[in-house]
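Notes follow once the structure below has been shown.
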Amino acid sequence: AVRKKILNNNSIHLKNEYNNLRARLKNDIDIAYRIYIDDIQKDIASDSKSFWQFMNNKKDSILFPKVMYLDDSEFTSGEAIANAFAKHFSSVYNADAGQDNSHINANQYVEQVNLGVITGDDIREAVKSLKINKSVGTDKLPSYIVKGCIDSFIYPLHYLYNLSLKTSVFPEIWKEVRICPVYKKGDKSDIKNYRPIAILSVPAKIYES
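Here the sequence shown stands for residues 4 to 212, where the numbers follow our numbering.
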C-alpha cells in the first residue's frame, strides 16, 4: 500500500516510510533465514529428512530461463544448456597461448622449502574461515557440514594433508572443480552474459588456506 501511494505521490515522507519499512523487512528476513539455517545444522543428526529437503530446495532455486541462447542456437533441455555453457566458456578460455616454458629448469631457480607439518589447530582455524553459504564442489560436501562436525573430520584431514606434504602429491580428486555460470548483466537468456567461476571442494579449500 505504501509503494502504491509513492507512485501516485512524490511525498518525501512517504518515500522515507517506504524505505524504512523495506529495510526492516529485509533485516527480519535475514534474521529468520539465519535462524532457519542454524536449526537445520543443529538437527542434521536427528532429522536428516529436513536437511536433504533443504539441500534439494537450494539446488532447485538456482534456475536459468527455460530457453537459453548462444548466438543463433536455442537450447531448452538441462543437458543442452549445460553443453552450451561448456562450449562458450571453453571458447573464451585462453591458456597462455604461445608461452613456452619448457626450457626452464625449476631446480635452478627454486630453493628447497621446508613446510613443516600441518597441525590440528591449523585446520580448525582454516575451517572457521569457511563461508557456509557458498556452493559445493564436485564432492557435494557443504562447508557447514565440515564446520559443524569438525571433531569428526579433523583427524582424517590432518592425516591426508600431512601425507600430501610428505609425498609432494596433491590428490587428483582435489584438483577437480565445478564450473558454475554467474550472471553478469544484460539478457539472462543469453549464455554470453554469464562468466564461469570454479568451485573447489571443501578439503581443497582448507588445504590451500
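C-beta: ideal position from N, C-alpha, C; glycine also.
Quick caveat: nothing in here was measured; it's all calculated off a predicted structure.
Three-way DSSP call (helix, strand, coil) for residue i in this model
| i | result |
| --- | --- |
| F78 | strand |
| Y197 | strand |
| Y186 | strand |
| D63 | Confidence at D63 is low in this model, with a pLDDT of 46, below 50, so its placement is unreliable and the value that follows should be read with caution. Note: D63 maps to helix in three-state DSSP. |
| K29 | helix |
| F156 | helix |
| V130 | helix |
| V149 | helix |
| G140 | coil |
| V172 | coil |
Status (buried if at least 16 other CB within 10 Å, exposed otherwise) for residue i
| i | result |
| --- | --- |
| V172 | exposed |
| Y147 | buried |
| A89 | exposed |
| P159 | exposed |
| P145 | buried |
| P68 | exposed |
| K29 | exposed |
| L95 | Looking at the sequence provided, one finds Val at residue 95 rather than Leu. Result: exposed. |
| G123 | exposed |
| Y210 | buried |
| S204 | buried |
| K143 | exposed |
Strand pairing of residue i, partner residues [DSSP]
| i | result |
| --- | --- |
| L73 | S76 |
| R245 | Past the edges of the chain, shown from 4 to 212, lies residue 245, and the structure says nothing about it. |
Beta-carbon separation (whole angstroms), residue i vs residue j, contact threshold 8 Å
| i | j | result |
| --- | --- | --- |
| Y197 | V180 | That belief does not hold up - the Cβ atoms of Y197 and V180 are roughly 16 Å apart, past 8 Å. |
| F92 | I202 | So it is not a contact: roughly 14 Å between Cβ atoms. |
| P206 | W177 | 6 Å |
| I84 | R127 | Actually they are not in contact, since the Cβ atoms of I84 and R127 sit about 40 Å apart, beyond 8 Å. |
Through-space distance from residue j to residue i, alpha-carbon basis
| i | j | result |
| --- | --- | --- |
| I34 | D125 | 31 Å |
| I38 | N136 | 14 Å |
| D63 | G119 | Residue placement at D63 is flagged as unreliable, the pLDDT there being 46, under the threshold of 50; the coordinate-derived value follows with that caveat. Using only the alpha carbons, I get a separation of about 44 Å. |
| T141 | N165 | 23 Å |
| I121 | I153 | 16 Å |
| M71 | S80 | 9 Å |
| E175 | S132 | 24 Å |
| A129 | L168 | 17 Å |
| I32 | T170 | 49 Å |
| K134 | K150 | 9 Å |
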